[in-house]
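Chemist:
Numbering (our numbering), first residue to last: 8 to 142.
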């Protein structure tokens with residue numbers, strides 16, 4: 008049978024979608040293998056991903072933790088300005104790389120590197136502030 012987390016995507020008519028969980032988190036994680044159920048052209052397949060599949064270093068869950076809303080805002084601001092810590096950069100890179108795959112860019116390692124490049128050069132912050140200014 009199809010993995011339950013991907014069945015709703017098929018019922019809703021999505022051409023491609025994925026759900027994942029890892030170590031108690033419902034996202035691509037870097038502290039444990041991520042179990043993915045992916046819908047692609049009507050078929051659902053399950054597979055496992057690790058940090059290495061993204062060309063990234065595994066991190067302990069404590070290194071990926073956030074904090075209070077204010078602390079999380081500061082973490083996100085630093086990250087988007089190119090001043091984030093490596094664990095948070097990698098967590099964002101892995102999850103965005105997976106989204107990129109769902110939109111046709113299949114190479115997870117190349118995708119993760121693209122995300123890291125954008126985060127590190129600060130253009131992500133410029134884009135977010137420009138969008139926020141538009142209201």
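Each residue gets a CB set at the ideal place from its N, CA and C atoms; glycine is no exception.
Any idea what DSSP makes of residue 41, helix, strand or coil?
Modeler: Strand, per DSSP.
Chemist: What is the C-beta distance between residue 47 and residue 71, in whole angstroms, given that I count them as a contact (C-beta under 8 Å)?
Modeler: Contact flag wrong, Cβ pair sits at about 28 Å.
Chemist: Going by CA-CA distance only, name the one from 122, 74 and 52 that's closest to residue 93.
Modeler: 122
Chemist: What three-state label does DSSP hand residue 52 in the structure shown?
Modeler: strand
Chemist: What separation, rounded to the nearest whole angstrom, lies between the Cα atoms of residue 27 and residue 98?
Modeler: 14 Å
Chemist: Going by DSSP, what residue range makes up the alpha helix (DSSP H) through residue 104?
Modeler: Residues 93 to 109.
Chemist: CA-CA distance, residue 77 and residue 85?
Modeler: Distance between the alpha carbons of residue 77 and residue 85 is about 12 Å.
Chemist: Taking all protein chains shown into account, decide if residue 53 is buried (16 or more other Cβ within 10 angstroms of its Cβ) or exposed.
Modeler: exposed
Chemist: What residues in its chain sit with their C-beta under 7 Å from that of residue 73, if we drop five residues either side in the sequence?
Modeler: 79 and 82
Chemist: Would you kindly check if the distance between the Cβ of residue 58 and the Cβ of residue 51 is under 7 Å?
Modeler: No.
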